[in-house]
Every structure is written in C-alpha cells, then in structure tokens.
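Colleague: Chains as they are written, first to last, in the working numbering: chain A, 1094 to 1337; chain B, 1094 to 1337.
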DNA sequence: TGTTCATCTTGAACGTGTTCAGAAATCGGA
DNA sequence: TCCGATTTCTGAACACGTTCAAGATGAACA
C-alpha cells in the first residue's frame, strides 16, 4: 500500500524520470505532475494564509485530490515545507555559484550570498518561520536536523568555495571550520530576518551590513600571531559543539 | 463562564489568597489545590512520557478532573509549561541571590548561576525542549516571547547584579548591555544542554567551562583602548538587535 | 430554610494532522 | 483483449488540543 513518502526521502522529483524505458513507468510525469500540483497548491495556501491556517484538507482540495493523496506524496505537512526548502536550494545553486566567481572580496561575496537567499525567500518569508522556528535538532524542519543535512552540507560547501576564492589570508587552523562557522552565522541572520517585523526588514539589512564588517575584521584580527591563544580557545569551543 | 486562564495571565497562584476575609472566598485554597494538582499531574506525565505524548485527557484524568477543568486553570497545554517555568524561576531566585554574594570573580559567579539552573532543571531537561524548541518571539513558549518577558527581565537583572558585584574593570559602554548579553549567552548554553545527548551532558559541561574562560577573556580584552573601535562595532550590532 | 450568584466542573463536539483498508487506474505481458 | 500486479487515489476514522453550553457546588443573605 504505502510506498511513497517516507520520512527521510520525502520528495523524489527526479527519481524514475530517467528510467522510462526500463521498468515501471507509465504516462511520463503523471505522478510527478500530481505531486507538483499538491506542492504548488500548498505553497500558495501557505503564503496566503500562513502555514498553520492552511489545512491539509484545503491543500488537497486545491490540488483536486483527496486528503489521503497528499499523504501519498508527502509524509507530513512539514514534509511539504521540506520539499519547498529542497527546491529552493536547487533553484538557487546556479545563482550562488555565479556570486562566488564574481569577486575575491570575502565580504562582498558573503553579502552577495545573503542577498540571493533573502531575495529568493522574500515571498515566503513567513512560511520560513515554520521551517526555522525550531532549534531542536530532532525536529525534521530544524536547520540542524538529519532531514535537512544534505541541503545544509551543500550550503556549507558554498561557503567553503567562497573562502577559497577569497584572497584573505587566514590562520591555518581556521580554514577547516570556517565554512561551517560562516554557515551558522548566516543562519542566525536569516533567523533574525524571518522574525524581523521592521519596515522592509530594514533592521536585518543593517545587521547584515554591519555584522559582515565585524566578521571580516575579526577574521583578519584572528590571523595575528598575538591572537593565537584566544583563537585556539574559540576553536576548542567549536570542536566541542561540532562533536569531534 | 470562562474567567480564569487568560493568555498572558496563566497562573495566579498567589491571587485572591489574601482576600479571604473580604469578598468571595470559599474553603480556602480549594481552587488553588485543584490547580496545583493539575500542574503536578501534568509535570509528572511530561517527565514520564514527554511533552507531546502526555495528552490533556491523561493529565486531567490523573488529576481526577474532567478535560475541560484543565482548561479552566490553564489556557493551553503550553501554558502549563509556562507555569512550570515561572515556578522554577521563583524557586531558584533565593539560591541565585546566594550565588551572587558568594564571590567577586565573575567567572565563578556565572558558573555558579549556570550550575544552579542546570541542577534545578536536570529532572525536566527533556520537558524544557518543549519550552525552548522555539526561537519565534511570537510563540508563547519562546524564551524571547512577550509571555516570558517578566521571567526574562528578572533573570537579566540577576546577571546585572553579578556584573556589579564582580571586581572586573569593564568598558563603560559595555556596562548597560552586558547583563542582557550574558543572559543570551547562558540561554545559548542552556539550549545546547537541552539537546545535548552526550553521556551526562558532558559536552555541555565542557562547553560551559571553556566558553566561560573565553567570555571573561574577551571582556578583559574589550576594555583595552586598542579595542575600542571593534567594541563599538559590536555594540552597534547589539543596538540593532535589541531594537533601540 | 430557601434564593441568588459567582465559582467551579462536566463531557460532548469541533477542527486539526494523520492513518488505513480498500477502491480505482494503469501498467506489462499473455 | 484480457489478467495479474503495481501504482495511485479515496474518504471514513482516529487521537489530539481546544471550546463551550450546561450543570453542580457552596457561600452569603433573606
């Protein structure tokens, strides 16, 4: 009976598409179309009414299927948000790569990355609060959960390339953890942005601009031989948290 | 009909106790006893089964009342956790004051504060994840919500006194924001502790010890005239976030 | 004692996310 | 074209948090 939607493997958009010739593949894309219809209906309702006010019954009705069908494609209501998150990561990746090659100035590069993400998520800002309201690593929608691991790691890799491309001279022991640290930093900014109710999220904009300068300044400072003991202390904290 | 449990004023333990002589007061403490019975039953079930697995029906049954009665005393399931949080803050306050006068060493003082809280919350560690799983300031149970404001502000005041009692020389512009900054720092540690699955939460223990040294070291560093520009930059970030 | 009235209590009912037994649709192969 | 198998879909049913109209309780007063 139930075969599709599992907890970890929620959305397999590109699955089975390639094997139309091989095994079990009917009218190409029929199933995928339904799934996309449900996803689209859900996202529209989420944006219109908010995550909680949009019920699974409404979503299914809007997608012209029965309630149960939604659960055939998505393991849970949360999983729909997760699918959106994955789609977002995919759609942004090309743009992000462009941003990386645009400049060797780390500050500008980080600013560009953040600009891309905020611009992309702008229409879904409130929806994201459903995704990022949780800090519990056990919650599927947490940015720190197992379910979001793949997206997270790919995202961290982007920061890794940003660091590589930049001309900044860095302390050697900082090079390995820095991508993940920068990712955490941007996660904090995005979290703040989601809940920022100032006009046009001006506060977040200010925070990004100012904090980027601080971050880059700290990076330069930390490269000084004088700062080595403190840097080691801070990196020890990172080691504890990152669990190595 | 419904008069009790409102959203902001969830638990009025000490309400109406004083006016037994004045107006409407029956068998003294009857109502309070019921409320406490519900709270106690809830906490026991929360600890036994976890917040989500303990249903309001179970809680009411364990307290020997109908389901609706629980909602007469508590506006929601969350509100019960909130009541627990308030009770905890009350019960810890005396101990915290003691810790403050115990030493003039800021590091030891902060360590003592954290020790008291972790020790108190130890049996309810998992329950706290229901309280602290949210970073959304709009969520009642968020440490940053309006509903938890009073507890938060009182708690920040504790850190204020800790700073005052300490002999550390601090930059003048740091004195005002420092208590809140320290509170945020401890909140981060507690958050980490809640989700720390290492044996006996050893990682949190290590993190507290090491990070406290870093914090104190940074405070000393920040007092140096050389560090003034960077300190100003960081304080600007604080101003943006704290919304002034 | 009987009446009044706020306080307290009840349990059925609502809307929610989710499950599931089975029906319908569609496939590959005879 | 028909058959068995697989995928896709249905809608009633479940357990949950929560609401609410109605009832029960008991103190204060006549």
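No residue lacks a Cβ here, since even glycine has one placed at the ideal position from N, Cα and C.
So what does DSSP say about residue 1288 of chain A, is it helix, strand or coil?
Modeller: Secondary structure at residue 1288 of chain A: coil, using DSSP grouped into helix, strand and coil.
Colleague: Return helix, strand or coil for residue 1258 of chain A, following the three-state DSSP convention.
Modeller: helix
Colleague: Name, in chain order, the residues that DSSP records as bridge partners for residue 1227 of chain A.
Modeller: Its beta-bridge partners are B:1227.
Colleague: May I ask you to check if the CB of residue 1271 of chain B is nearer than 8 Å to at least one heavy atom of the ligand NAD?
Modeller: By its list of ligands, the structure shown contains no ligand whatsoever, and the ligand NAD lies outside what it can speak to.
Colleague: Check distances from the C-beta atoms of the stretch 1317-1332 of chain A to those of chain B and list, in chain order, the residues that come in under 7 Å.
Modeller: Of all residues in the stretch 1317-1332 of chain A, 1323, 1326, 1327, 1329, 1330 have a Cβ within less than 7 Å of some Cβ in chain B.
Colleague: Pick helix, strand or coil for residue 1117 of chain A, following the three-state DSSP scheme.
Modeller: In this predicted model, residue 1117 of chain A has a pLDDT of only 39, less than 50, meaning its place in the structure is not dependable; the value taken from the coordinates is given anyway. Reduced to three states, the DSSP call for residue 1117 of chain A is coil.
Colleague: Given that a residue counts as buried once 16 or more other Cβ atoms are within 10 Å of its Cβ, and exposed if not, what is residue 1133 of chain A?
Modeller: exposed
Colleague: Is it buried or exposed for residue 1324 of chain A, if we count other Cβ within 10 angstroms and need 16 for buried?
Modeller: buried
Colleague: Nearest-angstrom Cα distance between residue 1334 of chain B and residue 1220 of chain A?
Modeller: Cα-Cα distance, rounded: 22 Å.
Colleague: By Cβ distance, which residues of its chain are closer than 8 Å to residue 1245 of chain B, with the 5 residues on each side in sequence left out?
Modeller: 1236, 1237, 1276
Colleague: Quick check on residue 1172 of chain A - is its C-beta less than 9 Å from some C-beta in chain B?
Modeller: no
Colleague: Quick check on the burial criterion: 16 or more other C-beta atoms within 10 angstroms. Buried or exposed for residue 1199 of chain A?
Modeller: buried
Colleague: Output yes or no for whether 9 Å exceeds the beta carbon distance between residue 1254 of chain B and residue 1329 of chain A.
Modeller: no
Colleague: Only counting runs of 4 or more residues, tell me where the alpha helix (DSSP H) segments fall wholly within the stretch 1202-1250 of chain A, in order along the chain.
Modeller: 1218-1225
Colleague: Under a three-way DSSP split, which group does residue 1122 of chain B fall into?
Modeller: coil
Colleague: May I ask you to list, following chain order, the residues of the stretch 1219-1238 of chain A that have a beta carbon less than 8 Å from some beta carbon of chain B?
Modeller: 1222, 1225, 1226, 1227, 1228, 1229, 1230, 1231, 1232
Colleague: For residue 1207 of chain A, tell me which candidate among A:1158, A:1137, A:1305 has the shortest Cα-Cα distance.
Modeller: Minimum Cα distance to residue 1207 of chain A is reached at A:1305.
Colleague: When the cut-off is 9 Å and only beta carbons count, does residue 1116 of chain B lie next to chain A?
Modeller: Residue placement at residue 1116 of chain B cannot be trusted, given a pLDDT of 35 that sits under 50; the coordinates are not used to answer.
Colleague: Excluding the 5 residues flanking residue 1150 of chain A on each side, which residues of the same chain have their C-beta closer than 7 Å to its C-beta?
Modeller: Closer than 7 Å at the Cβ level, and outside the excluded window around residue 1150 of chain A, lie 1160.
Colleague: Could you tell me the distance, in whole angstroms, from the CA atom of residue 1278 of chain A to the CA atom of residue 1209 of chain A?
Modeller: 16 Å
Colleague: Closer than 7 Å by C-beta to residue 1227 of chain B: which residues in its own chain qualify, once you throw out the five before and the five after it? Chain order, please.
Modeller: The residues are 1234, 1235.
Colleague: Where does residue 1160 of chain B fall in DSSP's three states?
Modeller: helix
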